[in-house]
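Written below as structure tokens is the structure these notes are about.
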Amino acid sequence: MGSPAAVTPRVEARPITRVLVANRGEIAVRVVRACRSLGIESVVVTSTVDRDGLAARLADRAVCIGPAPAGQSYLAIPSVLSAALGTGCDAVHPGYGFLSENPEFAAACVAEGLTFVGPRPEAVAQAGDKARARELARSAGIPTLEGSPILESTDAALAAARELGFPVLIKAAAGGGGRGMSVVEDEAGLRSRFAAAAEEARAAFGDGRVYLERFVRNARHIEVQVLGDKHGNVVHVGERDCTLQRRHQKVVEESPAPNIPEEVRHDIRRSGVAFAEALGLDSAGTVEFLYDADRKTYAFLEFNARIQVEHPVSELVSGIDLVAAQLRSAAGEPLPFTQDDVRIDGHAVEVRITTEDPARGFVPHPGTVTVWEPPAGEGIRVDSHCEPGYVVTPYYDSLLAKIIASGPDRDTAIDRMLGALDALRVEGVPTTREFCRAALDHSDFRAGHVTTDWIARRGLPDYLESVR
Amino acid sequence: MSAPTDEVPESVTFREVQEILRTFSDSGWTGMTVELHGMRITVGKQGPPASALVGAVGSGAADPASIFSGTSTGPAVGAPGGAAAQSPRTPTRGAEGATREVGGGGGAAPPTQAPTPAEPGSDSQDVSGCVAVSSPAVGAFWVAPSPGQPPFVAVGDVVAQDQQLAIVEVMKLMNPVLAPVAGTVEQVCVANADLVEYEQTLFWIRPSDG
């Protein structure tokens with residue numbers, strides 16, 4: 001589908017009364033809470049290691065669907081569907097990760113008569129294909145990175161790279177989250193890397209198609225939260241800056257983005273809405289852009305057809321409950337507000353607390369959390385499934401909690417976050433708390449001068465120096 | 001760095017209590033007392049054993065984990081200080097937390113709260129010494145090869161090892177449930193067509209050599 005999707009003129013409202021939460025950890029807790037706020041029942045699926053967890057206890061019901069490895073539980077489509085149908089659910093919320101952007105899963109839910117809380121399966125499929133998504137962006141008049149079409153051979157790649165100019169990025173058409181990318185500095189590098197990159201893409205994603213993009217040195221990651229309904233309405237809920245990353249994994253996120261010209265902010269938001277409209281977005285999604293800090297231009301990166309980890313910062317500056325909005329849109333309700341009603345006020349920052357050890361190369365660290373005392377106070381929100389006795393297993397990601405601080409301005413939000421990080425007590429496992437604190441309080445971050453490679457280039461070396 | 005198993009922990013979490021109850025429920029034991037740093041959990045499959053009601057606090061007499069025999073069904077839990085006995089419960093779903101019906105939301109249930117009652121109508125049988133047959137998957141439980149046909153097995157039937165006992169259907173995929181041991185079917189724990197969870201106890205079999 002290269003053309004904008006047609007918007008269904010008439011939509012039947014399909015009330016949601018019981019939602020299967022096909023996820024774990026903090027996002028399962030978050031979805032259960034949103035369901036409760038709307039008077040909707042929730043059923044959480046669990047693996048054997050999660051069946052006594054917070055999400056399972058908060059939900060109206062929990063169903064154990066398989067052993068710890070995700071392939072046999074959270075990713076097992078027949079088991080998830082079986083639990084949904086067997087408990088009388090009428091909708092499925094996939095959270096993020098796992099099955100959230102699997103078009104087969106979305107389609108299977110619909111085929112079984114379940115409302116999928118997310119974009120239409122066709123939109124999930126279109127957004128998941130990087131090349132198709134970029135084509136759609138280009139057709140909607142959104143700036144895209146100068147890049148090549150899918151490349152079949154090293155010779156074709158060399159020709160494309162000469163046109164783009166080095167350095168270039170080899171990207172997998174089916175990749176995402178930073179996986180399936182490599183930077184190549186010159187022709188020799190491209191010659192030696194190209195075939196291997198295609199082979200790695202085939203091994204990782206079952207799809208060996210790759211293409212090239214021009215590589216931006218001083219890049220920032222800015223993304224626009226968009227929200228649509230089944231009646232053809234789309235709004236943006238501001239943008240988030242997720243520039244602080246380590247190996248393409250976000251570490252700190254904030255909204256609004258600091259240190260960008262107001263006209264660029266305006267254009268980025270407008271581009272986000274334009275993409276969502278072209279896609280016919282009928283749920284929540286995120287349009288990711290790469291911002292070139294030197295040229296002050298931006299380009300479309302990819303679209304995420306799901307709720308994102310960092311959604312709370314947008315909620316705190318807009319006052320909009322995005323998960324509840326997803327559920328309402330899925331039920332066929334029109335958005336209860338227009339773009340003019342969406343006000344972005346103040347500033348919010350989020351820090352991801354993971355059980356990784358910065359001093360040891362951020363190796364994830366399984367273990368038992370013996371002490372867990374989350375921070376509280378004005379402007380502090382904690383989204384977490386953690387509690388004393390929580391066991392961090394090697395089976396899933398190492399996210400323990402998201403701490404979100406908000407305030408009338410960026411400095412206040414950052415100061416509150418520093419206080420919250422100081423108040424957080426975790427024992428039993430190492431965490432990224434100290435490292436995040438150091439990064440947030442760094443003069444580069446305070447000034448809004450960080451780039452996506454800042455942690456590797458400066459943040460981590462400075463931190464390791466300070467703790468030595 | 002944590003060392004979870006090397007020493008006795010200083011406190012017991014809700015999660016660990018759940019794990020203890022689940023292990024007990026799946027065992028052939030009829031009663032058990034666990035004492036850890038001032039917390040005592042006494043569980044019996046027919047109300048709390050008499051010993052749970054004597055000298056609860058500070059008795060110091062009980063072994064860290066003592067097993068006693070009885071002829072009973074249903075786990076019931078005594079709280080520290082000899083709290084009131086719970087009514088007998090069958091072990092079918094018991095401490096697995098399998099069919100939690102939290103209704104109003106549950107939150108953190110007190111660790112000593114008794115597990116969910118079993119379905120009405122399930123047999124009250126002594127399953128001590130029996131082997132649990134647990135579900136290989138989440139899905140629909142079928143006692144017969146197809147509707148209208150007689151069930152694979154009934155209570156009292158003698159079964160051979162690997163004999164088919166039931167089907168758990170996962171989205172049209174029929175997973176056979178096989179007897180792990182030869183013996184007698186002591187109890188069928190789930191009603192036909194019910195949703196069963198992964199690892200939920202479906203049958204109790206009394207081994208023929210036991």
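So the sequences go chain by chain: A and B. Once you know that position 44 of the first sequence is 44 in full-length UniProt numbering, the rest is easy, because the numbers rise by one and skip nothing. Once you know that position 86 of the second sequence is 86 in full-length UniProt numbering, the rest is easy, because the numbers rise by one and skip nothing. We treat Cβ as the ideally placed atom computed from N, Cα and C, and that holds for glycine.
- Where residue 25 of chain B is concerned, there is no enclosing beta strand (DSSP E), although the alpha helix (DSSP H) around it starts and stops at 14-26.
- DSSP, read as helix, strand or coil, puts residue 152 of chain B in coil.
- Separation of residue 83 of chain A and residue 398 of chain A (C-alpha to C-alpha, rounded to the nearest whole angstrom) is 26 Å.
- Neighbours of residue 431 of chain A in chain B, taken as residues whose beta carbon is under 9 Å from its own, are absent, since the nearest beta carbon is some 13 Å off.
- When the Cα atoms are used, residue 135 of chain B and residue 167 of chain B turn out to be separated by approximately 9 Å.
- Contact between residue 305 of chain A and residue 285 of chain A is confirmed by a C-beta separation of about 5 Å, below the 8 Å threshold.
- By the neighbour-count criterion, in which a residue is buried when 16 or more other Cβ atoms sit within 10 angstroms of its Cβ, residue 323 of chain A is buried.
- For residue 171 of chain B, the three-state secondary structure derived from DSSP is coil.
- Secondary structure of residue 368 of chain A (DSSP, three-state): strand.
- Any Cβ of chain B closer than 8 Å to the Cβ of residue 89 of chain A would place that residue at the interface, and such an atom is absent.
- Counting the other CB atoms within 10 Å of its CB gives residue 23 of chain B a total below 16, which places it among the exposed residues.
- Around residue 35 of chain A, no beta-carbon contact reaches into chain B at under 9 Å, the shortest distance being about 11 Å.
- For residue 15 of chain B, the residues of chain A that pass the 7 Å Cβ criterion are 52 and 389, in the order they occur in the chain.
- Using a Cβ distance threshold of 8 Å, residue 233 of chain A and residue 294 of chain A do not count as a contacting pair.
- If you draw a straight line from the Cα of residue 250 of chain A to the Cα of residue 215 of chain A, it comes to about 19 Å.
- Taking C-alpha positions only, residue 144 of chain B is separated from residue 31 of chain B by approximately 34 Å.
- Within the model, the alpha-carbon separation for residue 364 of chain A versus residue 435 of chain A is close to 14 Å.
- Rounded to whole angstroms, the gap between the alpha carbons of residue 167 of chain A and residue 183 of chain A is 7 Å.
- Taking 8 Å as the threshold, the shortest C-beta distance from residue 79 of chain A to chain B falls below it.
- Closest in C-alpha terms to residue 237 of chain A, from the list A/80, A/343, A/126 and A/335, comes A/343.
- Under the 8 Å Cβ criterion, the stretch 111-125 of chain A counts as touching the stretch 84-93 of chain A, having at least three qualifying pairs.
- Beta-bridge partners assigned by DSSP to residue 304 of chain A: A/286.
- As the crow flies, the alpha-carbon of residue 355 of chain A is around 4 Å from that of residue 431 of chain A.
- Just so you know, the alpha carbons of residue 266 of chain A and residue 158 of chain A end up roughly 37 Å apart.
- Note that the C-beta distance between residue 439 of chain A and residue 375 of chain A is not below 8 Å.
- 60, 61, 62, 63, 64, 65, 66 and 67: these are the residues of the stretch 60-71 of chain A whose beta carbon lies less than 9 Å from some beta carbon of chain B, given in chain order.
- Residue pairing of residue 297 of chain A in beta bridges, as defined by DSSP: A/292.
- Secondary-structure assignment with DSSP links residue 182 of chain A through a beta bridge to A/170.
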